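Enquirer: Numbering (my numbering), first residue to last: 1469 to 1731.
Where is the CB? At the ideal position from N, CA and C, for every residue including glycine.
Owing to the predicted nature of the structure, the values given are computational and were not obtained by experimental measurement.
Once you've had a glance at the structure underneath, I'll fire off some questions.
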DNA sequence: ACATTGACCTGAGAGC
DNA sequence: TGCTCTCAGGTCAATG
């Protein structure tokens, strides 16, 4: 699930539930998901402290502790956060659990363990080391920069959008959506796109991500014009009512409308 | 430089 | 009901 909009919703969720509350205990359930930090180290950093602020870059969530270091979370394909009181409500694949002095808990759940947990002194360092491109919603990422990025690669456009080293935050689902909105075939060569198409794609990229966040990244709340909710259900294009096609593109399952998105 | 494939994990849903 | 098979919204490494 977790692409940029989802992680942004997690950030907001964490801010409104778990910030400024004293952590009485921190438990790591899946040590193998830790990166460059041990369970005792992480525990030591977190316990007795509070979570003070959050920052998202691409699909990564950074949370500042009152101790100084930042907790880093990546959600893989199946990660999410849950704040709860009753221990019975703890999600079944909790990998990190924070107990707060107020009796509530925050769980980081990641069923398939494709995410990761880490610690960093500065998110900027982490972002640099991971070689992440600019966040897709960064206002500093302007249309000219985007155009240049698209033009300098021969890769397939869907692959370019999903490449975290170029732009951070876009995955399989949302790349499909912005390409659909822009009327561009997911298998088109980046280099072959016209200036007009690139500009349109840039506009839709921003719009799609923003609208998804407004809809709390919940497909049930997405505008009717979005293709995402049609991936599983009717497979009918919301624009032309034609059949939606499914194909392996850039190694992933892409859904698109062959009529609205011609090569 | 890029595409493709498989691996990492685990479970949901489809099909029988 | 229960079994097996396929697939899943992410990323990395190996290979061509």
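Please look up how many angstroms separate the CB atoms of residue 1540 and residue 1478, rounded, as I've assumed it's under 8 Å.
Expert: Looking up residue 1540 in the first chain gives position 72. Looking up residue 1478 in the first chain gives position 10. Contact flag wrong, Cβ pair sits at about 13 Å.
Enquirer: Is the beta carbon of residue 1492 closer than 8 Å to that of residue 1575?
Expert: On the first chain, position 107 is the one that residue 1575 refers to. On the first chain, position 24 is the one that residue 1492 refers to. For residue 1575 and residue 1492, no; Cβs fall outside 8 Å.
Enquirer: Could you pull out every residue in the same chain whose Cβ sits closer than 7 Å to the Cβ of residue 1623, ignoring the five residues on either side in sequence?
Expert: For the purposes of this step, residue 1623 is identified with residue 155 of the first chain, where counting begins at 1. 1658, listed in sequence order.
Enquirer: Flag this pair as touching only if the segment 1579-1588 and the segment 1612-1620 have three or more C-beta atom pairs under 8 Å; answer yes or no.
Expert: No, because fewer than three Cβ pairs between the segment 1579-1588 and the segment 1612-1620 fall closer than 8 Å, the two stretches do not touch.
Enquirer: Assuming contact is defined by CB atoms lying nearer than 8 Å, are residue 1582 and residue 1545 in contact in what I supplied?
Expert: Here residue 1582 is taken as the residue at index 114 of the first chain, counted from 1. Here residue 1545 is taken as the residue at index 77 of the first chain, counted from 1. Cβ atoms of residue 1582 and residue 1545: closer than 8 Å.
Enquirer: To the nearest angstrom, report how far apart residue 1553 and residue 1485 are at their CA atoms.
Expert: Counted from its first residue, the first chain places residue 1553 at position 85. Counted from its first residue, the first chain places residue 1485 at position 17. Going by the C-alpha atoms only, they are around 11 Å apart.
Enquirer: So who's on the other strand from residue 1676, going by DSSP bridges?
Expert: Taking the first chain and counting its residues from 1, the one referred to as residue 1676 is at position 208. DSSP output for residue 1676 lists no bridge partner at all.
Enquirer: Taking DSSP's pairing of strands, which residues face residue 1585 in a bridge?
Expert: As a first step, residue 1585 must be located in the first chain, where it is residue number 117. Note: residue 1585 sits in a beta bridge opposite 1502, 1541.
Enquirer: Is the beta carbon of residue 1677 less than 8 Å from the beta carbon of residue 1470?
Expert: Translated into positions along the first chain, residue 1677 becomes position 209. Translated into positions along the first chain, residue 1470 becomes position 2. Contact: no.
Enquirer: Do you know how far the Cα of residue 1639 is from the Cα of residue 1710?
Expert: Position 242 of the first chain, counted from the start, is the residue given in the question as residue 1710. Position 171 of the first chain, counted from the start, is the residue given in the question as residue 1639. Taking the straight line joining both Cα atoms gives about 25 Å.
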